[in-house]
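To start, the structure itself, in structure tokens.
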Amino acid sequence: MKPIARIPYGKQHIDSNDLTIVKQSLKASLITTGSYVLNFEKKLKKYLGSRYALSCNSGTSAIHLAMMAAEIKQGDNIIMPSVNFVASGNIAKMLNANIFLADVDPLSGQMTGTSVEECIKKNKLKKIKLLVTMYLGGYPDNITEFYNLKKKFNFLILEDACHALGASYQFKNRFLKIGSCKHSDIAAFSLHPLKSITTGEGGVVSTNNRKFYEKLKLLRSHGIVKNKDPFNHKYNVKFSGLNNRLSDINCALGITQLKKIKKFITKKKLFSKYYDNIFKNITGIKLGHSQLNKNISAWHLYILIINFSYFKTTRLKFMKYLYKKNIISQVHYIPIYMHSNFKKLEKNYLINTKSYYDRCISIPLYYDMSAKQQNKVVLEIKNFLKIK
Ligand SMILES: Cc1ncc(COP(=O)(O)O)c(C=O)c1O
155 MKPIARIPYG
165 KQHIDSNDLT
175 IVKQSLKASL
185 ITTGSYVLNF
195 EKKLKKYLGS
205 RYALSCNSGT
215 SAIHLAMMAA
225 EIKQGDNIIM
235 PSVNFVASGN
245 IAKMLNANIF
255 LADVDPLSGQ
265 MTGTSVEECI
275 KKNKLKKIKL
285 LVTMYLGGYP
295 DNITEFYNLK
305 KKFNFLILED
315 ACHALGASYQ
325 FKNRFLKIGS
335 CKHSDIAAFS
345 LHPLKSITTG
355 EGGVVSTNNR
365 KFYEKLKLLR
375 SHGIVKNKDP
385 FNHKYNVKFS
395 GLNNRLSDIN
405 CALGITQLKK
415 IKKFITKKKL
425 FSKYYDNIFK
435 NITGIKLGHS
445 QLNKNISAWH
455 LYILIINFSY
465 FKTTRLKFMK
475 YLYKKNIISQ
485 VHYIPIYMHS
495 NFKKLEKNYL
505 INTKSYYDRC
515 ISIPLYYDMS
525 AKQQNKVVLE
535 IKNFLKIK
């Protein structure tokens with residue numbers, strides 16, 4: 155019996171060019187630390203418009219490397235959004251930094267300049283080492299506001315741009331790519347299968363700071379400084395690092411995937427606009443992204459903000475109904491402080507976080523989604539919520 159085709163909330167697209175290059179990479183004499191890695195990184199920095207781009211084996215590694223390059227240490231104060239994937243929080247905690255959560259906008263689920271200032275005030279922070287920003291769903295919001303705060307409070311900015319490879323933001327009369335780091339110090343991307351492009355697993359760190367880059371290169375490979383003389387066996391371990399390298403096989407896939415990023419994003423934007431038109435005027439539903447913002451999204455997720463009590467139901471019942479109809483939905487994200495690992499974090503001033511969390515739901519959005527599949531998603535949502 156043929157298995158029932160599920161409609162996932164996100165999925166990679168792999169074509170014959172991807173298969174060909176991966177096969178080629180396997181025939182190279184070096185299948186790690188080889189030419190595909192260098193080539194991929196060269197293409198990435200050109201695409202992002204940054205001086206340096208470094209591949210690594212996950213978005214989590216990218217954030218970890220970035221925080222280590224920024225020399226985050228015990229007692230440093232780090233501000234991050236209350237709604238986020240847990241990677242930044244876990245890493246900050248592993249480095250023994252103090253984590254402070256900033257509230258989010260109730261529709262976009264993203265931190266704002268005002269919520270960051272509020273966090274600083276409520277926690278009476280005098281010295282801040284790092285602000286971690288995150289562009290939920292791929293929509294880059296509030297970048298210049300964060301940059302103004304950076305200047306005011308003198309902190310570093312790490313963009314957790316894991317959702318936002320391919321996104322751009324407006325600055326004066328031009329658009330800058332997320333990862334160009336014109337208004338941040340360092341950016342981290344994920345190349346997980348659900349992200350803008352994939353290398354299987356993988357990540358990227360982007361920066362314009364030479365000191366950071368030199369350190370990132372060493373940290374990615376155990377903190378080892380090689381001997382310049384290839385015949386001299388002596389090397390030195392300068393920092394405590396791990397093996398965060400991405401293989402040539404993965405990077406080969408990254409090269410052909412990167413060529414398709416515009417095509418991927420354009421199609422996902424089309425699907426998103428279709429959803430927008432259907433859901434924008436329905437009482438009880440709001441769109442999880444700004445309609446006015448001129449910034450260019452990577453269209454990673456399509457998030458609806460549904461007032462489930464208005465529809466006399468719960469999100470869990472909604473998700474279960476869709477699941478029974480073979481449609482997968484997801485929640486992005488459970489607020490950080492709700493995880494037992496972070497239960498001690500101050501949360502009293504996080505006024506919008508809970509209302510965002512209670513109402514957010516990500517519905518299917520991926521390159522290979524057919525019109526029939528998208529219509530099925532719309533139909534089943536309307537059926538369950540009894541929308542005419
Ligand atoms: C916002 C965010 N940060 C970090 C990560 C970690 O990326 P990876 O899964 O590649 O380690 C993810 C992954 O989903 C993410 O969504």
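The opening position of the sequence shown corresponds to residue 155 in the numbering used here, with each subsequent residue numbered one higher. C-beta: ideal position from N, C-alpha, C; glycine also. Since the structure is predicted, the reported quantities are computational estimates derived from the model, not experimental observations.
- Rounded to whole angstroms, the gap between the alpha carbons of G442 and V237 is 13 Å.
- Taking the C-beta atoms as reference points, K304 is found nearer than 9 Å to H337.
- Collapsing the DSSP output to three states places Q166 in coil.
- Contact annotation: I459 and P260 have beta-carbon atoms nearer than 9 Å.
- When DSSP states are grouped into helix, strand and coil, G357 belongs to the strand group.
- Between S322 and I450, the C-beta spacing is below 9 Å.
- Rounded to the nearest whole angstrom, the C-alpha separation of F418 and N244 is 31 Å.
- If you check the C-beta of G356 against ligand 1, you find a heavy atom less than 8 Å away.
- Leaving aside the five residues that flank L290 on each side, the residues in its chain whose CB is nearer than 6 Å to its CB run, in chain order, G263 and Q264.
- Judged by the Cβ position, S212 qualifies as a neighbour of ligand 1 at the 8 Å threshold, a heavy atom of the ligand being closer than this.
- Secondary structure at Q264: coil, using DSSP grouped into helix, strand and coil.
- For the segment 210-244, the full-length beta strand (DSSP E) segments reaching 3 residues or more read 231-235 along the chain.
- Going by beta carbons, L310 and A342 fall outside the 9 Å limit.
- If you ignore the 5 residues before and after F538, its C-beta comes within less than 7 Å of the C-beta of F472 and Y475, all in its own chain and listed in chain order.
- With 16 or more other Cβ atoms inside 10 Å of its own Cβ, E534 counts as buried.
- Cβ contact annotation for G267 (same chain, cutoff 8 Å, sequence separation greater than five): N296, E299, F300, N302 and L303, in chain order.
- Placement of the Cβ of M288 at a distance of less than 8 Å from at least one heavy atom of ligand 1 is found.
- A241 has its Cβ nearer than 8 Å to a heavy atom of ligand 1.
- At least one heavy atom of ligand 1 is found less than 8 Å from the C-beta of N238.
- In this structure the segment 160-177 lies against the segment 517-524, because at least three pairs of beta carbons, one per stretch, are closer than 8 Å.
- Using a Cβ distance threshold of 9 Å, L249 and M221 count as a contacting pair.
- In this structure, the CA atom of K281 is about 15 Å from the CA atom of E272.
- Taking 9 Å as the cut-off, the beta carbon of F366 is found closer than this to the beta carbon of Y206.
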